[in-house]
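Colleague:
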Amino acid sequence: MVNLLAQAGAATLTLNIVGILAGLAIARINRLPKQDGLAIGIELGVKNSTLALLVSVTLIGSNTMSIPIIVYSVSMFLCAAVLTVYGRRHSSKSVSVEVA
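Structure (structure tokens):
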């Protein structure tokens with residue numbers, strides 16, 4: 113089990129980083145603001161982890177296949193927290209919400 117976690121860790125972290133970079137690249141290609149790129153990168157990772165867990169447990173019925181997904185999910189949520197803090201600290205404009 114520990115061996116599987118060790119093997120899954122590097123691959124899932126790499127997939128996590130590639131997904132975030134893909135979100136940033138998509139935003140940059142479309143000339144979106146940096147904050148939108150961070151949001152797209154986070155969304156790609158969070159949505160993929162939830163969907164993959166649903167498929168592995170419900171449709172495939174394999175708890176073993178869930179291990180890399182759980183490792184990915186934990187690393188994605190940690191990276192999402194770091195990106196959120198980064199985005200808030202380096203935001204060039206303040207956003208205000210008005211309630212009508």
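Residue numbers (the working numbering): 113 to 212. We put the beta carbon where it would ideally sit given N, CA and C, even for glycine.
Consult DSSP for Ser187 and reduce its assignment to one of helix, strand or coil.
Modeller: Residue numbering aside, residue 187 sits at position 75 when the sequence shown is read from its first letter. Reduced to three states, the DSSP call for Ser187 is helix.
Colleague: Is Ile129 near Ala139, with beta carbons less than 7 Å apart?
Modeller: Reading the sequence shown from its first residue, position 17 is the one you call residue 129. Reading the sequence shown from its first residue, position 27 is the one you call residue 139. No. Outside cutoff.
Colleague: Can Tyr184 and Ser168 be called in contact, C-beta distance under 7 Å?
Modeller: Locating residue 184 in the sequence shown gives position 72, counting from the first residue. Locating residue 168 in the sequence shown gives position 56, counting from the first residue. No, these two residues do not count as a Cβ contact at 7 Å.
Colleague: If contacts are defined as beta-carbon pairs under 8 Å, then Leu195 and Ile132 qualify, I think. What distance do you get, rounded to the angstrom?
Modeller: Stepping through the sequence shown from its first residue, residue 195 is reached at position 83. Stepping through the sequence shown from its first residue, residue 132 is reached at position 20. Indeed they touch by this definition, with Cβ atoms about 7 Å apart.
Colleague: Tell whether a beta-carbon distance below 7 Å holds between Gly157 and Met188.
Modeller: Within the sequence shown, residue 157 is the residue found at index 45, counting from 1. Within the sequence shown, residue 188 is the residue found at index 76, counting from 1. If you check the CB distance, Gly157 and Met188 come in under 7 Å.
Colleague: Mind checking whether Gln147 and Gly199 have CB atoms under 7 Å apart?
Modeller: By 1-based counting over the sequence shown, the position of residue 147 is 35. By 1-based counting over the sequence shown, the position of residue 199 is 87. Yes; because the gap between Cβ atoms is below 7 Å, this pair is in contact.
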